[in-house]
Ligand SMILES: [Zn+2]
C-alpha cells in the first residue's frame, strides 16, 4: 500500500508539472516595426526585413510550427509550436506578410497575429482597413486587438470602448472573430483581466512572471525580439523556451 502511494506520488511529480511547464513555455514572439531603423524613435522596436527573414528561415529549418490564437488547442499536437505577434499595426508589417508568403512551403506555413489599434487604422504609417481585410483573408495573418486608442488600461475607468469597442470595430473590417487582446505597454491588473475575460479568450502581456493560476491565458508573456538581437540570440531564446518545455 505504502509503495503504491510512493509510486503514485512519483508519477504525479513526473507528469503534472511537466505538462504545466510545457504549456507555459511555448515561445510567443513580439515584434513591432519590420523596417530598417532610420534613426528616429527606439531602435529596438525595429527589426530589419533582412533579419526578420533570417529568423523565419531559422524557424523553418528547425521544424517550428507557427500558430495563431485560433489554433491554441493545436499547440500540444504540433511540432515546436511558436506564436509570432506584431504590435501597433504599422504599415511596414506588410513586409512581414510578404516574407511569410515568400518562405511558405508545402511543409511550413509562416503565420502571425497583428495586434492593431482600431482608432489608428488608416493613419500615416499604419495599416488601413483594406490592408486588414486583405491580410485576414490571406489565411496567414490573424488580426486581433491592441485596444482602440492604446492607453494604459490600468488607468482607464470605462474599459468598454477600449475592449469591446475595438473588438467590434476590427470584426466589422475582417469579418473574423477577434479573440485576443494585447495590453498596451503590457500593463494590466486584476480588474483589466476580469474585463478582458468578458470579451476575449486571450490577453497578451510583454515579459512578466506569470502567476500560472486560473488567469494564465490572460497573462501570456512574450519574447521581445529587438532590432539588436543577433540570429544566435534569437535561436537561443526560442530554443531555451523549448528546452524548458521538455524538462
Ligand atoms: Zn503597443
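Residue numbers (the UniProt record's numbering): 1 to 247. Idealized CB from N, CA, C, for every residue including glycine.
- Annotation for residue 136: the continuous alpha helix (DSSP H) segment containing it runs 129-138.
- The beta carbon of residue 119 sits no closer than 6 Å to any heavy atom of ligand 1.
- Distance from the CA of residue 171 to the CA of residue 95, rounded to the nearest whole angstrom, comes to 23 Å.
- Nearest neighbour of residue 123 by Cα position, chosen from 90, 61 and 73, turns out to be 90.
- When distances are taken from the beta-carbon of residue 44 to the heavy atoms of ligand 1, even the shortest one reaches 6 Å or more.
- Between residue 161 and residue 148, the C-beta spacing is below 7 Å.
- Exposed is the label assigned to residue 177, since fewer than 16 other Cβ atoms lie within 10 Å of its Cβ.
- The beta carbon of residue 99 is closer than 7 Å to those of 49, 52, 53 and 56 in its chain, skipping five residues each way along the sequence.
- Look at the beta carbons and you see the region 75-83 not touching the region 114-132: under three pairs across the two are nearer than 8 Å.
- Judged by pairs of C-beta atoms under 8 Å, the region 31-46 does not touch the region 58-71, as fewer than three such pairs exist.
- Apart from the 5 residues on each side of it in sequence, residue 217 sits with its Cβ closer than 6 Å to the Cβ of 202 in its chain, given in chain order.
- Listed in chain order, the non-local C-beta contacts of residue 66 below 6 Å within the same chain comprise 82, 84, 110 and 111, local neighbours out to five positions each way being set aside.
- In this structure, residue 184 has its beta carbon less than 6 Å from a heavy atom of ligand 1.
- Its chain contains 30, 44, 206 and 207 as the residues whose beta carbon lies nearer than 8 Å to that of residue 224, once the 5 sequence neighbours on both sides are disregarded; these appear in chain order.
- Collapsing the DSSP output to three states places residue 81 in a strand.
- When beta bridges are read from the DSSP output, residue 217 appears opposite no residue.
- When secondary structure is reduced to three states using DSSP, residue 51 falls in the helix class.
- The beta carbons of residue 37 and residue 165 sit no closer together than 7 Å.
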